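Numbering (my numbering), first residue to last: 3 to 146.
All residues carry an ideal CB built from backbone N, CA and C; glycine is no exception.
Every value quoted in this text rests on a predicted model; they were computed, and no experiment measured them.
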């Protein structure tokens, strides 16, 4: 491999493989990668009151982009939108059972991929890798 001594191209290659897996998995569920990311976000925030503006901020997307994602997810019966009791201007977004099944399937897929990535690593090596990645992210001012 030509880029053996350079970190950037290696990280880019790993990310490309991960994005391809994510895209294929989303497609197999009848979703786009963006829709799957939103479902994953909603799954992590279960129990909290989540509205469209929260998604816009989280993913740094425009109102119209998120509106399109939300309307398609609702049409595909992955989410239910209902008006907030506190403020009728906002709609709360709730996952359906269908979405929860997809989320579980995606989690399994990611776990399998991550297990494949660290195959042959000791627990200590896995923890070191995570630590190194976190340090790299902090070095470029990513809040983690």
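**Study point:** Cutoff 8 Å: residue 79 Cβ touching any chain C Cβ
**Key:** Annotation note: the requested chain C is absent from the structure, which comprises a single protein chain.
Exercise for review: With residue 84 as the anchor, note down where its beta strand (DSSP E) starts and where it stops.
Suggested key: If you look at residue 84, you'll find it in the beta strand (DSSP E) that goes 81-85.
Practice item. Tell me whether the beta-carbon of residue 100 lies closer than 8 Å to the beta-carbon of residue 116. Key: Pairing residue 100 with residue 116 gives a Cβ-Cβ distance that is not under 8 Å.
Review point. Residue 139 lies in the alpha helix (DSSP H); which residues open and close that run?
Key: That run of the alpha helix (DSSP H) goes 125-141.
Point to revise | C-beta atoms of residue 108 and residue 8 nearer than 8 Å | key: The Cβ-Cβ distance between residue 108 and residue 8 does not fall below 8 Å.
Practice item. Within 10 angstroms of the Cβ of residue 75, are there 16 or more other Cβ atoms? Answer buried if so, exposed if not. Key: By the 10 Å Cβ count, residue 75 comes out buried.
Check your understanding: When burial is assigned at 16 or more other CB atoms within 10 Å of the CB, is residue 37 buried or exposed?
Key -> It counts as buried.
Exercise for review: From the DSSP output, read off the bridge partner residues of residue 53.
Suggested key: Note: residue 53 sits in a beta bridge opposite 94.
Practice item. Take the Cβ of residue 21 as the centre, count every other Cβ of all protein chains shown within 10 Å, and call the residue buried at 16 or more, exposed below. Key: Around the beta carbon of residue 21, a 10 Å sphere encloses fewer than 16 other beta carbons of the protein chains shown; the residue is thus reported as exposed.
Practice item. With distances taken Cα to Cα, identify the nearest neighbour of residue 33 among 104, 44 and 17. Key: Ranking the options by Cα distance to residue 33, first place goes to 104.
Check your understanding: Are three or more beta carbon pairs between the region 45-65 and the region 82-94 nearer than 8 Å?
Key -> Between the region 45-65 and the region 82-94, the count of Cβ pairs shorter than 8 Å is three or higher; the stretches touch.
Exercise for review: Buried or exposed for residue 68, please, with buried defined as at least 16 other CB atoms from any protein chain shown within 10 angstroms of its CB.
Suggested key: Around the beta carbon of residue 68, 16 or more other beta carbons sit within 10 angstroms, so the residue counts as buried.
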